[in-house]
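621 is the number that the numbering used here gives the last residue of the sequence shown; the numbers go up by one with no jumps. Yeah, the Cβ is synthetic: ideal placement off N, Cα and C, and Gly gets one too. As the structure is a prediction and not an experimental result, all values here were calculated from the model.
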Amino acid sequence: MDWGGVLSDVPVPADYDGDGKADLAVYRDGVWFILRSSDGGGSTVDLGGAAQDIPVPADYDGDGKVDVAVYRDGNWFIRRSSDEAETVQTTSGWGVGSQDILVPADYDGDGKADPALYRSGAWYIAPSADPSCRGCWDY
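Okay, structure coming up:
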C-alpha cells in the first residue's frame, strides 16, 4: 500500500472491516487505501476520482461495516461492503455550497446511514427507510 502522505490525501478512518475498531484509511484521487485493524492487511478500493468528489464513508447497507462513498453534484456514489455493488443515491436539489457540511448517519433508526447535509442551521436528510424521499426531511 502506498502510504506516502501525498498532499492531496484525505484521512477517512472508520471501521471498514466490522471489528469494532477504526481502520487507518486515506482517500486519494478516487482510490481508497485502507489498513484493516482486524488482520493488519491492506486493501484499495476505486471509487470516485472527479475533482469535486467529497468522501462520505458510512454504513449505508447496515451490515456493521463502513462503506466507501463519495458525494458529487447531488449524487451519493456508494460501494456497499455487503456485496461490493455500487449504487447511486440522488439528493437532487441540495447542491453543496462552501459552508455546507455533509453529515451521513442513521437518522431514522433502521441501522443504515442516511445521506444528510447541514447548512446554516438547517438539516436536509434523505432517510433510507423511505427510498421515495430524497431530502424531504428538512429541519
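Three-way DSSP call (helix, strand, coil) for residue i in this model
i, result
"residue 540", "strand"
"residue 568", "strand"
"residue 532", "coil"
"residue 562", "coil"
"residue 603", "coil"
"residue 489", "coil"
"residue 525", "strand"
"residue 509", "strand"
"residue 514", "strand"
"residue 589", "coil"
Span separating the alpha-carbon of residue i from that of residue j
i, j, result
"residue 586", "residue 602", "17 Å"
"residue 489", "residue 577", "26 Å"
"residue 607", "residue 580", "18 Å"
For residue j and residue i, believed in contact at Cβ under 8 Å, the rounded distance
i, j, result
"residue 561", "residue 549", "6 Å"
"residue 538", "residue 514", "No, residue 538 and residue 514 are not in contact; Cβ-Cβ is about 12 Å, not under 8 Å."
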